[in-house]
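One point on numbering: in the numbering used here, the residue at position 16 of the sequence shown is 16, and numbering is uninterrupted.
Glycine included, every Cβ here is placed at the ideal spot set by N, Cα and C.
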Amino acid sequence: MRVLVINCGSSSVKYHLIDLLTGDPVADGSRLVSGKIQSIGETGGVFQNHQQALDHLVSEVDGQPVDAVGHRVVHGGEKFIEPVLIDTEVIKEIEACSIDAPLHNPFNLLGISIAREKWKDIPHVAVFDTAFHARMPRRAREYAIDSEVAKKYRIRRFGFHGTSHEYVAGVAAEALRSSVSQLRIVTLHLGNGASACAVEYGKSTETSMGMTPLEGLVMGTRSGDIDAGAVMSLLRSGDFSVAELDDLLNRRSGLLGLSGIGNDLRKIEDLAEQGDDRARKAINVFAHRVRKYIGAYAAVMGGLDAVVFTGGIGENSATMRRRILQRLEFLGLVVDEDLNRDASVDSSANATIISDISSRVRAIVVKTDEELMIARQTKRIVAEENKLTANKSIPVAISARHIHLTQETFEKLFGNGATPTVYREISQPGQYACEEKINLIGPRNRIDGVRLLGPLRSVDQIEIARTDEFKLGVDAPIRDSGKVEGSAPITLEGPRGTVNLSEGLICARRHIHMHPDDAQVFGVADKDIVEVAITGGPRDLTFGDTLIRVSEKYKLEMHIDTDEANAAELSSEASGDIVCEEVAGAGAVLKQFRG
């Protein structure tokens, strides 16, 4: 597939016709046509307006076969959590988001309009900067202000650079010969715009930019984090209008404001070497802010496997990378000075490791390629239109809180030589509810009589719902089954003893069990992510971010927890006593696929 990627900005247009025909993730992405038009409408610019620039784009691509067009859209708001095929309704929604991105979305829309007029008979896909962060947990996306005010004025954290963060996390995982779903990564997109992201097992769980790209790290001309009280103080001074304050924070701050000479780090580093105090201050503040976010995100994720550098500064400044990474040995990150100094990335070698061979946490430099990521996502969305063709309904079961134990923990709770007693079989073949029940003891409260699920496993895992989390007074992360590293601690109480687990308490991610035959019918594979419509109950509801789990051992069934069942107004006998009960009349239908 040949995908034309268009990035139409406020004063520039970038375009790439990318060949994705090979299907080889290494060979894919050859540029058949590339171009970058800058300084649109500015003195010295070749083109006076975007219409002229986009007409030039069309003439450059004219005569080349184009199968689909992928458009970068900066702000997707709350509506768009995935790339989407563009139609009239999508355009209206993007227009509605322009209030939050007035310097970006209107120009993105102009590019969409002109491209759709030129290439009328092929699909156009919008890929959003905000989409990767759309499923951040509520605690990470909310500001601590009045909830009604926040709702009325759409005040919340969205995050940006999502396409870059997602891409470089995936490349870093490949460099480590692992899966991104197995790693906790801090990605650092450092350039004139800069942001950090906590990528926890493939998902964005925190990011430094907020409602706008102004929050977070020090940037070329943007301040990053600043006390809101300082902003109000400047307004109360009478020396700044709202527009002037906007200009100060967005265009006259960051490295430019700190150094007083500009936003080019190379020039700032040269002056710092010559003894310029403001240049030195700019470098130190920039590095300190990034280092602070790395430590914070390691704490948020409960551990760290890799730190990834990308963007103009991240890819090219060895001295800034070294400043940022110093004093992180306590996390297990040790830099190899030679590898860091000699690090170089390009399209043919897009990742290089700069940490010492003894380092537990790896540091990696990755060349970002947002255009390739947009092209791949465009191809996926187009292919998806023909993928989910099955109308087969999936049975829905409510999974109440339950416990999986190792033999060692089981014996500590029930006595040496004890073995689980089968109470009843449950829907998944080979699994059963046990007679044995265990009490959960948290810092705030306890939940008694939680049933054990058999057979015994190699890792202790306790699955609860969000309501249980608040009752116990714990912060249990949402995790795939089996991924308990860095999860919440809990105390287990049995008839013969008590066990204090340092980790193991999770809120299980909603998922669908499938036999390989079912997966073939639905056109999905193990670890795919889908959007699911729950029907047949009093209230139809759509759940996103649902994991597909495929095994010869599984029977077709979707599992949701009690809180999710309550949201859909589904009822069954599921409780703390019955581990998993199917809901009569309710079914799930796959709506959207994300590989």
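For Q64, which option in K118, I294, C97, E503 has the closest C-alpha, if you only look at C-alpha atoms? K118
Limits of the alpha helix (DSSP H) - the one that V46 falls within: Note, V46: premise wrong, no alpha helix (DSSP H); not H, not E.
Put K292 into one of helix, strand or coil per three-state DSSP. helix
Just verifying my parser: in three-state terms, what is the DSSP assignment at E557? strand
I think S487 touches G473, with their Cβ atoms under 8 Å apart; what is that distance to the nearest whole Å? Actually they do not touch by this definition, with Cβ atoms about 15 Å apart.
Contacts around A565, its chain only, beta-carbon distance under 6 Å, and the 5 residues preceding and following it disregarded: I398
Within 10 Å of its beta-carbon, does H606 have 16 or more other beta-carbons around it, so buried, or fewer, so exposed? Residue 606 cannot be examined here, being either before or after the span of the chain that is shown, 1 to 595.
Out of D545, I534, I512, E384, point me to the one whose CA is closest to K555's CA. I512
Taking the DSSP output, what are the residues bridged to D19? R2, S30
Taking the alpha carbon of D342 as the point to measure from, which residue in N350, S348, I354, D270 has its own alpha carbon closest? I354
Proximal residues to G454 (C-beta, below 6 Å), its chain only, five neighbours per side dropped: P420, Y432, C434
Using DSSP with H/G/I as helix, E/B as strand and the rest coil, what is R424? strand
Give a yes or no on whether the C-beta atoms belonging to R157 and G70 are separated by under 7 Å. no
Expressed to the nearest angstrom, what Euclidean distance is found between the alpha-carbon atoms of Y153 and V499? 48 Å
Go ahead and pull the three-state DSSP assignment for I512. strand
Suppose you measure from the CA of E269 to the CA of L325; what does that come to, to the nearest Å? 17 Å
Other residues of its chain near G314: CB distance less than 6 Å, five sequence neighbours each side excluded: L188, L190
For T546, write down the residues that DSSP places opposite it in a beta bridge. V530
To which residues of the same chain is I283 closer than 6 Å at the C-beta, ignoring the five residues directly before and after it? A272
According to the Cβ coordinates, are A383 and V366 closer than 7 Å? no
Report the residue from A53, A175, L20, R72 whose alpha carbon sits nearest the alpha carbon of E370. R72
Could you spell out the range, first to last residue, of the alpha helix (DSSP H) harbouring P597? Since the first and last residues shown for the chain are 1 and 595, residue 597 lies out of range.
If you follow the alpha helix (DSSP H) that Q377 is part of, which residue opens it and which one closes it? 370-384
From the DSSP output, in three-state form, read off A196 for me. strand
What is the rounded straight-line gap between the Cα of M558 and the Cα of D146? 36 Å
Between the beta-carbon of A375 and the beta-carbon of V3, is there less than 7 Å? yes
Unbroken beta strand (DSSP E) run spanning V396, endpoints: 394-399
Helix, strand or coil for E206 per DSSP? strand
Length at least 4, wholly inside the segment 240-264: the alpha helix (DSSP H) runs in chain order: 242-251, 254-259
Output the boundary residues of the alpha helix (DSSP H) element that contains N350. Taken as a continuous stretch (DSSP letters only), N350 belongs to no alpha helix (DSSP H), as it is neither H nor E.
Under DSSP, the alpha helix (DSSP H) around G170 begins and ends at which residues? 162-175
Considering just the uninterrupted stretch of the beta strand (DSSP E) at V186, what are its terminal residues? 184-190
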